Amino acid sequence: MFDNVATDELVQMAKRAGYRVAREYPGIEAEDIAYEALTRLYERAERLKAATADYLYRVLEGEGVKYAAKERYDYILFSSQYVYTPREVRAVLEHVYYDPTARDVPTQKDDWLSAEIGKGTVGISLVDVDVAMEKIKPEYRKVLERRFLHGDTVTDTKAVTRAVDSLTQVVNRLVYRKGLSDDGPGSRTAMSNAKAQYVTRAESGHETNAYEPDAVRKLQTERSQERSDPPGTHFNWSKYTD
């Protein structure tokens, strides 16, 4: 079907793209991302017949991001429960968390904060990050301090990534549990600088040998049908509620 890539190789590429995208979208399963990305790629097979392997991988990754972003957005709308990504938590660490002035209690109208938490932005409680910091491994805390407090850009980037991922998981777990016991799922309100801060701009497979024409047609048929599952059905909260 594709001139430059065999079916088995394409399946492995989809799995690789799925795992990479899943790291950026907590709660979305890598296998689901790979499945959807590969299905969408095959829908464009005629136009991409002569594409290189590198180009096909970029298409798979792009389609995976589209799918994961939609699943995350649907889940947030359905449950009113915000899910932070490693990119957002990294932005908090980079710009806010280690800044002492971010915890000042304003003595008058908090114009700065109200200007930052608004359309296209999300708020996160620094208290949640404080608690999460105490729950991650001590070596992760040290890595984050070296990188984001002391500005050590030489710090092992893979170690930083692992530390940010771990912190993100714990923050999401805390927010999820708090949402169940507070004013409703995912209840997050803009507060004073001591409680909340600007985070970042809102974000703009199953292994088988049978991704052959018959299997592809079946996948395309399934995708053309109206999905009856409610939003959030494919979101896996178990990794946050253990």
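The numbering of the sequence shown is our numbering, which starts it at 412 and goes up by one. The C-beta atom is built at its ideal place from N, Cα and C for all residues, glycine as well. Predicted model only: the values in this text are computed from it and were never measured.
For residue i, I'd like the list of residues in its chain whose CB is within less than 8 Å of its CB, leaving aside the five on either flank, ordered along the chain.
{"i": "T566", "result": "V554, R557 and R558"}
{"i": "K460", "result": "M412, F413 and D414"}
{"i": "V575", "result": "P497, V500, R501, L504 and L555"}
{"i": "M424", "result": "V416, A464, L467, Y468 and L471"}
In terms of alpha-carbon separation, which member of the options lies closest to residue i?
{"i": "D414", "options": "T450, E442 and L467", "result": "L467"}
{"i": "D539", "options": "D443, T418 and V581", "result": "V581"}
{"i": "E420", "options": "A570, D576 and D465", "result": "D465"}
{"i": "R552", "options": "R434, S577, E442 and S536", "result": "S577"}
{"i": "V571", "options": "V494, E550, A433 and A441", "result": "E550"}
{"i": "I547", "options": "R455, L560, R584 and A441", "result": "R584"}
{"i": "I535", "options": "R455, R514, V503 and L449", "result": "V503"}
{"i": "T450", "options": "R514, R458, G475 and R469", "result": "G475"}
{"i": "T418", "options": "A441, A456 and T568", "result": "A456"}
{"i": "T463", "options": "V416, E442, E454 and A441", "result": "V416"}
Taking 7 Å as the cut-off, is the CB of residue i close to at least one heavy atom of the ligand HEM?
{"i": "M544", "result": "As far as ligands go, the structure on display features none, and thus does not contain the ligand HEM."}
Is the Cβ-Cβ distance between residue i and residue j less than 8 Å?
{"i": "S497", "j": "T564", "result": "The sequence given here places Pro at residue 497; Ser does not occur at that position. Contact flag unset, no."}
{"i": "E472", "j": "R501", "result": "no"}
{"i": "L560", "j": "Y509", "result": "yes"}
{"i": "Y478", "j": "I444", "result": "yes"}
{"i": "A448", "j": "A428", "result": "yes"}
{"i": "R573", "j": "L537", "result": "no"}
So, at 6 Å on beta carbons, what are the nonlocal neighbours of residue i in its own chain, with the 5 sequence-adjacent residues on each side left out?
{"i": "Y436", "result": "A479 and R483"}
With which residues is residue i paired in a DSSP beta bridge?
{"i": "S577", "result": "S577 pairs with nothing; no bridge assigned."}
Considering only residues of the same chain and omitting the five flanking positions on each side of residue i, which have a CB-CB separation below 7 Å?
{"i": "R634", "result": "Low confidence applies to R634: its pLDDT is 45, below 50, so where it sits in the model is not reliable enough to give any reading."}
{"i": "A543", "result": "L578, V581, V582 and L585"}
For this session: Could I get the ranges of all uninterrupted alpha helix (DSSP H) runs contained in the region 538-573, with 4 residues as the minimum, in chain order?
Result: 549-555
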